[in-house]
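Down below is the structure, laid out as structure tokens.
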DNA sequence: TGGCATAAAGTTAACGGTAACGCAACGCTC
DNA sequence: GAGCGTTGCGTTACCGTTAACTTTATGCCA
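Protein chains in written order, with this note's numbering: chain A, 1 to 345; chain B, 1 to 345.
What follows is the structure, given as structure tokens:
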């Protein structure tokens, strides 16, 4: 029998060599037709492109990255993917990078420091062109690795602290202060703080610090804190609000770590018969898409995520092209809605 | 002068060869100490590990992928990153894959077919171990590329159509039918559909089809459709609802393509003085985190995103290890809340 | 003690590209 | 028409790792 078990449709993937052979040129010429088309005769270029099209050639970027100087990968390390917290940053960042041929490699630490080290190591093993990472507070070992990697590191979202290289974000302490100032201006006096404040969520802690400090400066009684380690959700907000009001019925304003938590707080207050904003004011942080659609519409702080994503992409490209590191503060906005609009103030 | 411009801190990144030289063994032995530790003498292994620790060695997976058979990359192609639509699928998927040492490479098509082709090509150029992609309806060229790649392809979210390899999701037509059935059971008769239905969002179209078909079967008047091509948002829902009610005040139920759109619809109806659920019932799809927190709480369909993410990860691993392709239907749930709870029915 | 399986390490050759260099062929100038 | 720069392509040498062999040391049994 002559018939053998031949290629069962699993043809070997075409390489530059396949193309070269078919066209009758050297491998390097094919490579050049891709990287620097105008160094190849138009007619030859056409034939090469036709062959690529025909064989469905897809370049092997692992090989390209190993051989060349760049790897075209940008590592993106976030602390959470739930709820729109960072999704639109990633969205904008990804789209902007794509235009420059950079691919996003994603990692999610879930606010876990050990995980963060593991993930950063893992991402570094792909020899990325740059890394974008949430926050400026990282375990020492992570900082050491990132610094030693000698690639551009863009820290996003938070700018308050020791920046490794370049940062794009804002000062969360000021956000907390602004929340307090707003509540005070609206006539609230007994402020409480509710939310998920995980050990590694330094941003949440900073906002809380800012809130407390501003309240203290204004001579208000100490801010009551009722927090949990688990992730934020309406259910969490609801539970924490019930517990808080039961123990401290004198509270007249609640600042929430996130809109999602505030949604649950609003529901709890409604159940308890507390009127918002007249009995209790509620302010939050994040500008979730539903913030203006709950009852009453939620006063919150809107960080400009898309701008952060876009500026991060620009910073990455700039740094790759040799620009100096720098820190960019991105504006945020306190969106005053009905949940803090006390009528009898 | 003897001093030259020496390495200014930019030490070359350590390679297996650096470690090998320092320990005094061959490169391959170091490689083995990593990949198959028990083929190396414990004492030697210890010295190798120590050297790696000391030099802060990070393996080069580009080289590993090029040389070896696997590349440890899983391409994940989604159609959107905004609002929690797919975020928690990615979250779960990423975490599950990480445990097996697989890294997620992310791409977002933004419901653009040209973009989808470009992105799939781009991802394939990293020679991924598998690809997970949203939907079963792709441009022919994309299907051709994916099939030719001979790697496991997991299509997520939708299962209704021609599956390339393996799918994990549900039938969106049935979701639409269930929405109609629910409205009918609750006593609504004149149903309208509102939402963002982009040309490439076949899932939205399927849900709409299911809704229309079920309404027709029940002998209801034809479903009024008022849609837009732009992305869904509360603002869009609000505008569409205003326009719809103005032209068709007889409408007594609105099915929305997504919760986010429904939030805007609820706001518009409130402005118009229409009572929900008594004058008009509202049902949506997605189970956004705020769905239970708006007024009235929104009846919606809750797909089990985390389960889809988890099952997708499992399917990827199974397929990599040689299991047969298969399609898994993931249950969803119609969460009946107040927005469709007509009192006088 | 010789023979032979086994364990532990070394040797060599890819993997698929890129970059530096080399070398013809061509057109231009004087 | 000799000299010279330019254009267009081929040669060669890696990039860092893995995989398939080969070699050497070790133990075991007859």
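C-beta: ideal position from N, C-alpha, C; glycine also. Computed from a predicted structure; not experimentally measured.
Residue 108 of chain B: member of the beta strand (DSSP E) spanning 103-108, first to last residue. Distance from the Cα of residue 263 of chain B is smallest, within the candidate group B:249, B:240 and B:252, for B:240. A straight line joining the alpha-carbon of residue 197 of chain B with that of residue 343 of chain B spans about 31 Å. Residue 259 of chain B is not a Cβ neighbour of residue 214 of chain B, given a cutoff of 8 Å. Between residue 105 of chain A and residue 164 of chain A, the alpha-carbon positions lie close to 20 Å from each other.
When 7 Å is used as the limit between beta carbons, residue 66 of chain B is near these residues of chain A: 62, 63 and 66, in chain order.
The three-state reading of DSSP puts residue 181 of chain A in helix, counting H, G and I together. By the CB criterion at 8 Å, residue 154 of chain B and residue 129 of chain B fall outside the cutoff. Looking from the CA of residue 76 of chain B, the closest CA among B:313, B:333, B:145 and B:248 belongs to B:313.
Contact annotation: the segment 270-282 of chain B touches the segment 329-343 of chain B, with at least three C-beta pairs closer than 8 Å. Looking at B:61, B:41 and B:37, the one whose alpha-carbon comes closest to that of residue 15 of chain B is B:61.
Contact of residue 81 of chain A with chain B is assigned, a C-beta pair being separated by under 8 Å. Rounded to whole angstroms, the gap between the alpha carbons of residue 267 of chain A and residue 102 of chain B is 41 Å. Remark: C-beta atoms of residue 108 of chain B and residue 142 of chain B do not approach each other more closely than 8 Å. For the pair residue 286 of chain A and residue 253 of chain A, the Cα-to-Cα distance works out to about 18 Å. Of all residues in the segment 242-263 of chain A, only 260 and 263 place a beta-carbon less than 7 Å from a beta-carbon of chain B. Residue contact with chain B for residue 121 of chain A: present (Cβ-Cβ distance below 8 Å to some residue of chain B). Under the DSSP assignment, residue 42 of chain B falls in the alpha helix (DSSP H) whose first and last residues are 42-55.
Residue 87 of chain A places its beta carbon less than 8 Å from that of residue 81 of chain A. At a cut-off of 8 Å between beta carbons, residue 104 of chain A contacts chain B. The criterion of a C-beta distance shorter than 8 Å is satisfied by residue 203 of chain A and residue 158 of chain A.
Less than 8 Å divides the Cβ of residue 303 of chain B from the Cβ of residue 332 of chain B. By DSSP's assignment, residue 335 of chain A forms a beta bridge with A:300.
Under the 8 Å criterion on CB atoms, residue 42 of chain A is classed as non-interfacial with respect to chain B. The beta-carbon distance between residue 227 of chain B and residue 195 of chain B, rounded to whole angstroms, is 6 Å. This is short enough to meet the 8 Å contact definition. At a beta-carbon threshold of 7 Å, the residues of chain B lying near residue 127 of chain A are 60 and 62, ordered along the chain.
Counting only runs of at least 4 residues, the segment 69-141 of chain B fully encloses the following alpha helix (DSSP H) elements, listed from N- to C-terminal order: 87-98 and 113-124. Using a C-beta cut-off of 8 Å, the segment 54-68 of chain B makes contact with the segment 64-74 of chain A, since at least three inter-stretch Cβ pairs fall below that distance. Between residue 211 of chain A and residue 255 of chain A the beta-carbon gap is near 6 Å, inside 8 Å, which marks them as a contact.
Shown here, residue 316 of chain A sits in a helix according to DSSP, grouped into three states. DSSP places residue 290 of chain B in the coil class of the three-state scheme, outside both helix and strand. Taking each of A:229, A:220 and A:183 in turn and checking the Cα distance to residue 276 of chain A, the smallest one comes out for A:183. Identification of chain B residues near residue 234 of chain A by a Cβ-Cβ cut-off of 9 Å yields 289, 290, 292 and 293, ordered along the chain. Beta-bridge partners of residue 158 of chain A (DSSP): A:170. Taking CB atoms only, residue 124 of chain B has a neighbour in chain A less than 8 Å away.
Per DSSP, the beta bridge partners of residue 196 of chain A are A:228.
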